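Protein chains in written order, with our numbering: chain Y, -19 to 153; chain A, -19 to 153.
Glycine residues also receive a C-beta, built at the ideal position from the N, C-alpha and C atoms.
It should be emphasised that the depicted structure is a prediction, and the values quoted were computed from it without experimental measurement.
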DNA sequence: GGCCTAAGCTTGACACGTCAACTATATGCG
DNA sequence: CGCATATAGTTGACGTGTCAAGCTTAGGCC
């Protein structure tokens, strides 16, 4: 085996936590995305974009801010927005001051779709995740993930794509 | 807003926990996969397959068991194995008793590659995840994720693809 | 003003994941 | 035995994600 002093293997707790994360990422999340796709004809990415916009003033965000909020690269956002605009869920307008920038705005139809889908989506998240946790465990999970999430958003130099806090449930205006 | 009694929205703790999971899934994991790709010419899927085999007796597993262990669909496993076999990291042989089944075996070269990559991979996981947690927080994270992981593996009817406990660090034989 | 670099966004090519359909073998049952 | 059904694995098509390269506008500096 490699050098024990310089190779910081994971200890028992860390290893179990890592296995848990893998289970959630590789099983629960795909299932949640499958549910959105098959039962609601909507990609998880689309859902997150709509949620991000629903939580913004005027239901509007600069594209780069939207990318940050939804944890997307700009390229990916562009590709997805093409679809959302075609569907009529989002409208794109020129930024008035900065001719490089654009605004994305959630349409009434988009908000409608989000409101339709959200309860079932939350129910799925509950079924796969939070139904198995006591309130104390949910609290512990939140507490343990908070510093990780903070570091992921506060240290841009670590990451290629974007930063900023993510968003979960829809906020209606 | 929808019916408050029948629509179980997430409470503050759950919502924060969910945001934390999203941050980890949408930021940390992509970064970990990018690290494996660009610095070690290896996909995360490939890594998990090699790890699963390294932990099995004789470094060998039935393909369906391998799929379960690595949280993969059989289809995806087949696609990835094509590459791993071409690279010489894995060998496929017929199952002696069941003519439908096949065995995948980790080769010396594959084990070698795994041993080379693993320390750096663990270091990346540390940097993005566990460096931000106290031992108590790691313990809490493990404790909170355990029942979720258990339910994901114990209730096949919930999921389309496979089940079974996931694997994290390489086990050398 | 004229240049250079950075920011905002788009594009296209390629690789990966998913799903449904398919082949082949095994098992259960009349 | 003969048929139906289930299990093991493969295949190909299509949708999505990623990356590098590109275009346009802003801002800084001489």
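The segment 78 to 94 of chain A in contact with the segment 30 to 46 of chain A per 3-pair CB rule at 8 Å:
By the criterion of at least three beta-carbon pairs nearer than 8 Å, the segment 78 to 94 of chain A is in contact with the segment 30 to 46 of chain A.
CB contact check: residue 126 of chain Y to chain A, cutoff 8 Å
The Cβ of residue 126 of chain Y sits closer than 8 Å to at least one Cβ of chain A.
Under 8 Å Cβ-Cβ, which residues of chain A neighbour residue 117 of chain Y?
Under the 8 Å cutoff, chain A gives 123, 124 and 127.
Same chain, Cβ closer than 8 Å to residue 11 of chain Y, neighbours up to 5 away in sequence not counted
Within the same chain, residue 11 of chain Y has close Cβ partners 104 and 108.
Taking only beta carbons into account, state which residues of the segment 72 to 87 of chain A come closer than 9 Å to chain Y, listed in chain order.
Cβ proximity to chain Y below 9 Å picks out nothing from the segment 72 to 87 of chain A.
Any heavy atom of the ligand GDP closer than 7 Å to the beta-carbon of residue 28 of chain Y?
As far as ligands go, the structure on display features none, and thus does not contain the ligand GDP.
Three or more C-beta pairs below 8 Å linking the segment 14 to 32 of chain Y and the segment 121 to 131 of chain A:
Fewer than three Cβ pairs drawn from the segment 14 to 32 of chain Y and the segment 121 to 131 of chain A lie within less than 8 Å of each other, which leaves the two stretches out of contact.
Interface residues of chain Y facing residue 5 of chain A [CB-CB closer than 7 Å]:
By Cβ distance, chain Y contributes 5 and 9.
Three or more beta-carbon pairs under 8 Å between the segment -8 to 12 of chain A and the segment 66 to 75 of chain A, yes or no?
Too few Cβ pairs lie closer than 8 Å, so no.
For residue 73 of chain A, the residue or residues it bridges with in DSSP
DSSP, once it has assigned bridges, lists A/83 as partnering residue 73 of chain A.
For a contact defined as C-beta to C-beta under 7 Å, what are the partners of residue 180 of chain Y on chain A?
Chain Y is shown only over -19 to 153; residue 180 of chain Y falls outside these bounds and no answer can be derived.
Using the three-state DSSP reduction, which class does residue 139 of chain Y fall into: helix, strand or coil?
Reliability fails at residue 139 of chain Y, whose pLDDT of 39 lies under 50, so the model's placement of it is uncertain and the value that follows must be treated cautiously. It is coil, neither helix nor strand.
Does DSSP put residue 153 of chain Y in a helix, a strand or coil?
Bear in mind that a pLDDT of 41 at residue 153 of chain Y, under 50, signals an unreliable position, so the model cannot answer this.
DSSP bridge partner residues for residue 42 of chain Y (one or two, in chain order):
According to DSSP, residue 42 of chain Y bridges with Y/83.
Leaving out the 5 sequence neighbours to the left and right, which residues in its chain are closer than 7 Å to residue 110 of chain Y when beta-carbon positions are compared?
Shown here for residue 110 of chain Y: same chain residues with a beta carbon closer than 7 Å to its own, the five before and five after excluded, namely 118 in chain order.
Tell whether a beta-carbon distance below 8 Å holds between residue 122 of chain A and residue 77 of chain Y.
Contact check for residue 122 of chain A against residue 77 of chain Y fails: the beta carbons are separated by 8 Å or more.
Given a threshold of 16 other Cβ atoms within 10 Å of its Cβ, counted over all protein chains shown, does residue 81 of chain A qualify as buried or as exposed?
Residue 81 of chain A should be labelled exposed.
Can you name, in chain order, every residue of its own chain whose Cβ lies under 6 Å from the Cβ of residue 100 of chain Y, other than the five neighbours on each side?
Taking C-beta separations shorter than 6 Å and ignoring five residues to either side along the sequence, residue 100 of chain Y has no partners in its chain.
Sort Y/-5, Y/24, Y/50 and Y/8 by Cα distance to residue 131 of chain A and report the nearest one.
With distances taken between CA atoms, residue 131 of chain A lies nearest to Y/8 out of Y/-5, Y/24, Y/50 and Y/8.
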